[in-house]
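Please read the structure below before turning to the comments.
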Amino acid sequence: MFRLRLAVLLTALAVVHAFALLVKETAYLFAGVMIVGPALLFAAVVLLGSVIFTELRAKQVL
Amino acid sequence: MRLRLTCLLLFLTAGPLAASPADFGVPQPRGWIGTTSQWVQGVGLLFALFNLVLLVLVWRMIRGDGVTVVSKALLFGAILVIPVVVVFLATAHGMQESMSVEACGSCHVMESHIADLRNPKSDSLAATHYKNRYIQGDQCYTCHSDYGMFGTVSAKLAGLGHVYYNITGTYPTPIKIRKPYSNLRCLSCHGGAQNFLAKHEKDEIPNLMSGKDSCLDCHGPAHHADESAAEPPKQALR
């Protein structure tokens with residue numbers, strides 16, 4: 001469950017960053033969302049994928 | 063609690079949509095419902111709030127003994143689908159807003175350029191375009207980006223570089239334009255205009271098109287900027 005919680009945290013970080021940019025646009029926030037946002041989401045998706053993969057392996061589906 | 067949350071949501075989303083309609087003192091047309099960028103901002107804020115609520119719900123649903131079917135569906139939405147929409151809308155909004163004069167002027171090094179641009183007494187090319195509204199908005203971006211999709215991409219990449227140099231304070235002083243200013247940026251607007259064709263000899267135009275002569279040779283300077291203000295400050299970040 002640690003990986004799931006980490007995925008949720010990473011997603012929340014990306015969304016909060018995007019939220020801040022939507023409220024107040026600055027060059028730094030924009031550069032941050034463009035670079036860090038997708039990286040955080042990608043990491044979260046990888047973590048979620050690894051949890052799904054582990055679960056499917058445990059159920060012998062894969 | 064629900065009422066407060068609803069009020070907060072309405073305030074956050076309606077704020078940008080109801081942004082002042084009269085930035086230039088001109089009343090907006092009847093039935094004005096905001097610009098595309100303002101709608102992107104409002105919808106993006108709604109999605110972001112919705113996503114955060116979902117993430118909190120999912121966080122509570124995750125137990126040590128596994129996740130339920132419902133929480134799996136929520137996880138899918140909260141981590142895979144909605145954040146992509148939120149980041150996309152935030153990026154689209156950022157892209158649009160980063161073209162504004164305010165965005166260019168947010169770096170200390172550009173303050174004197176912006177002051178000259180907005181100075182009605184200045185006779186620089188930038189100020190002349192600004193005060194006469196030859197360009198209606200995003201004046202810095204319009205003149206300093208090439209046309210077409212690749213012009214936009216190139217300008218955004220250059221902008222990322224500017225952010226880096228401003229954060230680290232490593233830009234050279236006095237600041238200079240990266241490469242000679244392309245006449246094509248001027249000619250994209252002025253090229254076919256009757257007053258341009260009337261005031262320029264026919265044999266001048268090929269030289270302007272090829273870049274052999276610069277528009278700024280006769281119509282400059284582009285800016286009257288105070289170069290002493292371009293020194294890298296200790297507090298580069300604001």
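Chains as they are written, first to last, in the numbering used here: chain A, 1 to 62; chain B, 63 to 300.
Here a beta-carbon is modelled for each residue, glycine too, at the ideal position from N, C-alpha and C.
None of the values given here were measured: they were computed from a predicted structure.
Determine, for residue i, whether the minimum Cβ-Cβ distance to residues of chain B falls below 7 Å.
i               : result
Phe42 (chain A) : no
Phe2 (chain A)  : no
Ala14 (chain A) : yes
Leu48 (chain A) : yes
Phe19 (chain A) : yes
Ala27 (chain A) : yes
Ala58 (chain A) : no
Leu53 (chain A) : This sequence places Phe at residue 53 (chain A); Leu is not what is there. So no, Phe53 (chain A) is outside the interface.
Val33 (chain A) : yes
With a cut-off of 7 Å, does the C-beta of residue i fall near any C-beta of chain A?
i                : result
Val132 (chain B) : no
Gly106 (chain B) : yes
Ile176 (chain B) : no
Val171 (chain B) : no
Trp101 (chain B) : no
Ala81 (chain B)  : Its pLDDT being 44, under 50, Ala81 (chain B) is placed unreliably in this model, and the coordinates cannot settle the point.
Gly156 (chain B) : yes
Leu246 (chain B) : no
So does residue i have its beta carbon nearer than 6 Å to some heavy atom of the ligand NAP?
i              : result
Leu6 (chain A) : For the structure depicted, the ligand NAP is absent and the ligand set is empty, with no information on it obtainable.
Got a sec, what are the start and stop residues for the alpha helix (DSSP H) residue i sits in?
i                : result
Cys277 (chain B) : 277-281
Pro145 (chain B) : 144-159
Arg122 (chain B) : 98-123
Ala188 (chain B) : 187-193
Val163 (chain B) : 163-166
Leu179 (chain B) : 173-180
Output the distance between the C-alpha atoms of residue i and residue j, rounded to the nearest integer angstrom.
i                : j                : result
Leu10 (chain A)  : Leu22 (chain A)  : 18 Å
Pro83 (chain B)  : Val132 (chain B) : Confidence at Pro83 (chain B) is low in this model, with a pLDDT of 45, below 50, so the placement of that residue is unreliable and no value is reported for it.
Glu263 (chain B) : Thr97 (chain B)  : 42 Å
Tyr203 (chain B) : Lys183 (chain B) : 22 Å
Phe42 (chain A)  : Val15 (chain A)  : 13 Å
Tyr28 (chain A)  : Gln60 (chain A)  : 47 Å
His285 (chain B) : His206 (chain B) : 13 Å
With burial defined as no fewer than 16 other Cβ atoms inside 10 Å of the residue's Cβ, what is the status of residue i: buried or exposed?
i                : result
Ile95 (chain B)  : exposed
Gly221 (chain B) : buried
Glu266 (chain B) : exposed
Cys169 (chain B) : buried
Ser245 (chain B) : Before going on, a small fix: residue 245 (chain B) reads as Asn here, not Ser. Looking at its Cβ environment, which holds 16 or more other Cβ atoms inside 10 Å, Asn245 (chain B) is buried.
Gly273 (chain B) : exposed
Asp288 (chain B) : exposed
Phe2 (chain A)   : exposed
Could you pull out every unbroken alpha helix (DSSP H) segment of at least 4 residues lying fully inside the stretch 197-275 of chain B, listed in chain order? 201-205, 211-230, 245-252, 256-261, 266-272
If you scan the stretch 19-46 of chain A from start to end, which runs of the alpha helix (DSSP H) of 4 or more residues do you find wholly inside it? none
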